[in-house]
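Structure, as structure tokens:
In this note's numbering, the protein residues as written are 1 to 210.
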């Protein structure tokens, strides 16, 4: 199917909400009965719709502020915990931004990802957690994406976003502050048919352990 040439217009690059949250309880080996650290996303991360991009035939960078309201609860034996994120490469999902029809049909395209549709390169979306924090007394969980080059999240390999050592209290931690999502788009970015967007699926994984 032929695609329309690039024109100067406003095309919205959208970011889908969290697709999957996986909670893992790790076992600590002790001299007595095994004890487990239990971690759970009481409120899961939900990334926002990204700022729109006005096509101009040039490479561009757009920024979206993310005020995150996630909560993480830990209990049991304190083995620490980690939160990672990755693009979802499972069947029917996409680990990179790909042409998508949210509610079809979109012209001749049915609902869902468009077969053979346009994509953005992997690592187009960067997460900067420099402005994010946690409520509660120190020591607090540590954001891992606060220093340049920050964290690329639109690829199939998981990257650590938050880490809590065994010195971090077992409690419910509430995120505060804000992070910045940066989207880099190439000069070849193409306008999509009416109603279609560039869409990405992600997986947030919470696990206990160092």
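Quick reminder that beta carbons are idealized off the backbone N, C-alpha and C, glycines included. Just so we're clear, the structure is a prediction, and the values are computed from it rather than from any experiment.
Check your understanding: What span of residues does the beta strand (DSSP E) with residue 195 cover, start to end?
Key -> Residue 195 sits at position 195 when you count from the first residue of the chain shown. Note, residue 195: premise wrong, no beta strand (DSSP E); not H, not E.
Check your understanding: By Cβ distance below 8 Å, which residues in the same chain neighbour residue 92 in space, the five residues on each side in sequence not counted?
Key -> In the chain shown, residue 92 corresponds to position 92, counting from 1. Around residue 92: 112 and 113.
**Study point:** Start-to-end residues for the beta strand (DSSP E) that takes in residue 133
**Key:** Numbered from its first residue, the chain shown carries residue 133 at position 133. From DSSP, the beta strand (DSSP E) with residue 133 extends over 132-134.
**Study point:** Own chain residues within Cβ distance below 6 Å of residue 32, not counting five before or after
**Key:** Here residue 32 refers to the residue found at position 32 when the chain shown is read from its first residue. In this prediction, residue 32 has a pLDDT of 34, which is less than 50 and means its spatial position is unreliable; nothing more can be read from the coordinates.
Practice item. For the beta strand (DSSP E) holding residue 170, just list the boundary residues, first then last. Key: The sequence position of residue 170 within the chain shown is 170, counting from 1. Careful: residue 170 lies outside any beta strand (DSSP E) and carries neither H nor E.
Exercise for review: Could you tell me whether the Cβ atoms of residue 206 and residue 41 are closer together than 9 Å?
Suggested key: For this step, residue 206 is matched to residue 206 along the chain shown. For this step, residue 41 is matched to residue 41 along the chain shown. Yes, they are a contact pair.
Point to revise | Assigned secondary structure, residue 46 (DSSP; H/G/I helix, E/B strand, else coil) | key: Along the chain shown, one-based indexing puts residue 46 at 46. Residue 46: coil per DSSP, three-state reduction.
Check your understanding: Does the separation of the CB atoms of residue 127 and residue 188 fall below 9 Å?
Key -> If you number the chain shown from 1, residue 127 lands on position 127. If you number the chain shown from 1, residue 188 lands on position 188. No.
Check your understanding: In the DSSP assignment, what residue or residues form a beta bridge with residue 270?
Key -> Limits of the chain in this structure are 1 at one end and 210 at the other, which puts residue 270 out of reach.
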